[in-house]
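Positions in the sequence shown are counted from 1; adding 8 to them yields the working numbering.
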Amino acid sequence: MTAHPSPTPPFRDPRLPFAKRIDDLLARLTLDEKVSFLHQFAPAVERLGIAAFRTGQEALHGVAWMGPATVFPQAVGLGATWNGDLVRRVGEAVSKEVRAMRARDDRVGLNVWAPTVNLLRHPLWGRNEEGYSEDPKLTSAIATAYTRGLRGDHPVYWRTAPVLKHWLAHNNETDRATSSSSVRPRVLHEYDLRAFRETVEAGAVAGVMPAYNLVNGRPNHVSPYLREQLRTWTDEELLVCSDAGAPSNLVDHEHYFATHEEATAAALLAGVDSFTDHGTDGSQIIARVDGALAQGLLTEKDVDRAVRRHLSVRFRLGEFDPHDDPHPGTAEFDTPAHRALAREAAEQAVVLLKNDGDLLPLAPDARIAVVGLLADECKLDWYSGTLIHRSTPLEGLYERFGAERVEFAEGVDRVRLRLADGTYLHVPPAPEAADEVRGAAGALDPALLSGRTDLPPLTTDATGTEFALADWGEGVLTLRAPDGRYLSVAGDGCVRAAADQPGGWVVQETFRLEPHENGHLLRHLGTGRHVSVAADGVKVAVENASIFELIIVERGADAVARVAAAADAVLVVAGNDPHINGRETEDRTTLALPPQQERLLRAARAANPHTVLVLVSSYPYAVDVARLAAVLWTAHGGQAAGTALARVLAGDVSPAGRLPQTWYASDADLPDLLDYDVLGARQTYLYFEGIPLFPFGHGLSYASFSYADLATEVAQGTLRVSFTVANTGDVAADEVAQLYTRAAEPSAARPRRELLAHRRLTLAPGERTLLTFEVPLSAFGFWDVARGGRRLEPGPYDLLAGASSADIRLRTTVVLDGEPTAPRPVTSASGLEAADFDDQSGVALVDRTRTARDAVTPADGRTGQLVYRSCDFGTGTTEVTARVAGRGTLELSLDGGPPLAVLTLDEPTADVYAYTSLTAPLAANGVHDLHLGLRGPLRLAHVGFSG
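So this is what it looks like as structure tokens:
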């Protein structure tokens, strides 16, 4: 008898479409197996030969958390390149390294959680470094480029599967798990959703990750917009992956649901497909889903829908077609091409903000003083890989100009810490031990990495150790020993010189000196405890805090002034440490440079007028630049940052980075961090009416450029715009040509100017080129709250072409056809949705129900005002009806006149979702602006008129 091999199951047959193969596999999986796939760490199904799979591999600007990898500039730096082709190539390199690393370490995942498309609405957001721009058009252009690189160009199989972060309206770390972003419909559709939409529609996105926060009172993990918006933008199955711990937050922190079974069911039904919770342990999520199934909150069909999306990603990644997938053999890792690309990206990210007197580029024979806390640093952030190569500004300048022409002063204060008995803190000699870089071995969750305990704790002796003290602002200090190790605290509470850099989820290398009696207490910020000198070493303790006298051996400003005075030019390299004062979990409190760095800048400028400020930072600063000859900014530029900066300073490369967000002149220009109404609060370059320090799109060059020959043509729903750009300078250089528009005669508030398109191009001296942009007419529309949809308003639109949002070289006006403005018919059956207002003051949007739609309420629980423009009451009304919950009063007036109707809810409803109807007489006819005043904790959902 001849044995016949088992037939290949359909899900293994590459000749079949993915949809049919997934149908087959779903039918073979048991319910328990399918439920297990809902956790981030999906187990193997050995009986079907299916491997384990995890969602989530951080890859924001290189492969993160899994050890050494090529480190590219921070995302905000990639945004500053304004170069989609470059960013696509960066994404391609990152995805190839993901594949190469996975070949030797199966902990490396192919479902990459990148890029971040949250808009950089507010520069104090702690995670500013993770986004690309404050502008949705630029953000989506850069994000689309990165996702295309991550995906790869094979028509069937994806090299990696990108997931966009963080859905939605997420720009604050303060109370991020419980705060609600109040987002009016116009801001939602014109701003926050837009960056996601245009990136998803480009076709290289595998999914999204909801953010921790709430939007309009409803957690993002149960957002109706996942279904109503996201899944309508593409025919692809999008995988929605929760943020870490967010499913539990629905009950534990947000108290939005009473039980985890209810919360898990609601999230799954809203569209969350993969639950990132409890680390690698899926048992709790499985138990919650099982409980929801048992209680009738979920059906197997609901589970199947989520698992289908999970499997769709795995099929696209080629997991089930090992012989057809072209990517598993990818071995490109830390190649010469990747190193060159890292340098190119770092060079293109440098923005020249000011260059009076053409101080830059530096003369080849210049004697250079390079000073500042960032001068000899190559900083990483939370989403960086471990450096294989490293280049600091100082090292780059040594290499480019020669060490004999460069003098260095870090600018730290050199200090000793003396106790009352006359002894000093001392770092004892360490036994021979290998240098250790945090995270070099890789970790699925680097937040769990602990500090070193193999080095001896600090002691005291008669002379002590001289520490390098850096103040990063708000009194947050680091103390570094002479061997370069930072004082740090491990799990045993001992203080050691043990860390290569400040870092970790909870930074253990920061301290604060607190005045106490005739000295200072030294508080360790990671534990909140004071440093105490004990018989067995120096520790942090709840009691018995030691009192220290700070002995300053040398002030950093004195060292800076000394080297600055002897130089032809001084480079002050200032900025931030990405793990301190402005990072995930912590927003900034000010745009100002930390006082210690301001002192260094002043000392350098006083000693030498040829002072250049080089800002290396994750975010903008407000700096007095009036007396500075030149200013540059770059984000933390990755492994090649120093080399790239030196090449720009030397003129080997002409700078052509452009600011991806507005740099405001002072904190007074900023709205509240939690005010998400960019339209009403006049935020970002779109609406800001003040004078910025540096405008959106700004950046100078060593060349000069002229613009000419602006022409326009409207045809078949598209506006074609063309103009020429010429290099009128004497060096080859890149220019970033930018095209903006503004509605000249709008019926509603519109942006002061809005980016339509841009192009980065390289021109030789004397070279001229013609640029052509094709802009769909829909780009000139806005979200009309009266219609509940986008509308192109007919009329004149200014077109503005130039080198920044403020440096406009050419302009013309085109008249576009569209849909005329019409009054809002409020007497129809649909009435007036409260959230569809035109203007507001003191109002917050909240959830009408736990699953859908919005209501409005006074933000402070006391008073709020709403305006609805051009409401058409027809031939007349006799009655108004309001759907309300809570308790309070609603007043109606027309055109700002006296109240015509007052509706009061004296007895509070059962809860905020228990709506009731209030009626009152109202005589109105014709077209008027309707004003509503709210008093008390009243929720208003809808207003209807009859008569």
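For each residue, glycine too, the CB sits at the ideal point set by N, CA and C.
Treat the numbers as computed from the prediction; the structure is a model and nothing was measured.
Within 10 angstroms of the beta-carbon of L466 lie 16 or more other beta-carbons, which makes it buried. Straight through space, the alpha carbons of V546 and G534 are spaced by roughly 16 angstroms.
Taking the Cβ atoms as the reference, G139 lies roughly 5 angstroms from T124, within the contact range of under 8 angstroms. Cβ neighbours of G826 within its own chain (closer than 6 angstroms, five residues either side excluded): L800, E801 and P802.
By the C-beta criterion, the stretch 26–36 is judged not to be in contact with the stretch 260–279, since fewer than 3 inter-stretch pairs fall below 8 angstroms.
The distance from the Cβ of P831 to that of V935 is about 5 angstroms, consistent with a contact at the 8 angstroms cut-off.
Minimum Cα-Cα distance from D585 among the listed residues G527, V633 and P510 corresponds to P510.
Looking from the CA of T912, the closest CA among G905, T924 and D919 belongs to T924.
In terms of Cβ geometry, A654 and L405 form a close pair [threshold 7 angstroms].
Comparing alpha-carbon positions, the option among D93, R895 and L46 lying closest to H318 turns out to be L46. Rounded to whole angstroms, V633 and V639 show a C-alpha spacing of 8 angstroms.
When the Cα atoms are used, R666 and E209 turn out to be separated by approximately 26 angstroms.
Annotation: the stretch 800–865 contains the following complete segments of the beta strand (DSSP E) (minimum length 3 residues), in chain order: 803–810, 816–824, 847–849 and 851–855. Ranked by Cα distance from A254, the first of H286, L234 and L247 is H286. In this structure, V116 places its C-beta atom within 7 angstroms of the C-beta atom of R110. When DSSP states are grouped into helix, strand and coil, H162 belongs to the coil group.
For H346, the uninterrupted alpha helix (DSSP H) run begins and ends at P344 to Q356, by DSSP.
Check the Cα spacing between V875 and each of S954, T889, S812 and A756: the tightest is with A756.
By alpha-carbon distance to V739, the top candidate from V793, L701, P663 and Y695 is P663. Excluding five sequence positions before and after E198, the CB atoms of its chain that fall closer than 7 angstroms to its own CB belong to F790 and W791, given in chain order. Here D114 is exposed: its Cβ has fewer than 16 other Cβ atoms, across all protein chains shown, within 10 Å. Here the alpha carbon of A893 sits roughly 11 angstroms from the alpha carbon of T857.
A contact between stretches requires three or more CB pairs, one per stretch, nearer than 8 angstroms, and the stretch 290–303 fails this requirement with the stretch 213–232. V539 places its beta carbon 7 angstroms or farther from that of T518. In the structure shown, A751 adopts extended strand secondary structure according to DSSP, grouped into three states. The Cβ atoms of R375 and C386 lie no closer than 7 angstroms to each other.
Check the Cα spacing between A153 and each of V120, G92 and A745: the tightest is with G92.
Between the stretch 722–737 and the stretch 386–396, the count of Cβ pairs shorter than 8 angstroms is below three; the stretches do not touch. The three-state reading of DSSP puts N257 in helix, counting H, G and I together. Counting only residues of its own chain and dropping the five nearest sequence neighbours on each side, G157 has a CB closer than 8 angstroms to the CB of V95, R96, R97, V98, G99, E100, A101, V102 and S103.
Under the three-pair Cβ rule at 8 angstroms, the stretch 274–286 counts as touching the stretch 233–248.
Between the beta-carbon of A582 and that of G380 there is about 5 angstroms, and that keeps the pair under the 8 angstroms contact cut.
Per the Cβ contact rule, the stretch 177–194 is not in contact with the stretch 230–243 (fewer than 3 Cβ pairs under 8 angstroms). Proximity of the stretch 895–905 to the stretch 843–856 falls short of the contact definition, fewer than three beta-carbon pairs being nearer than 8 angstroms. Shown here for T820: same chain residues with a beta carbon closer than 7 angstroms to its own, the five before and five after excluded, namely L718, T720 and L807 in chain order. For Q604 against A478, the beta-carbon gap comes to about 7 angstroms, under 8 angstroms, which counts as contact.
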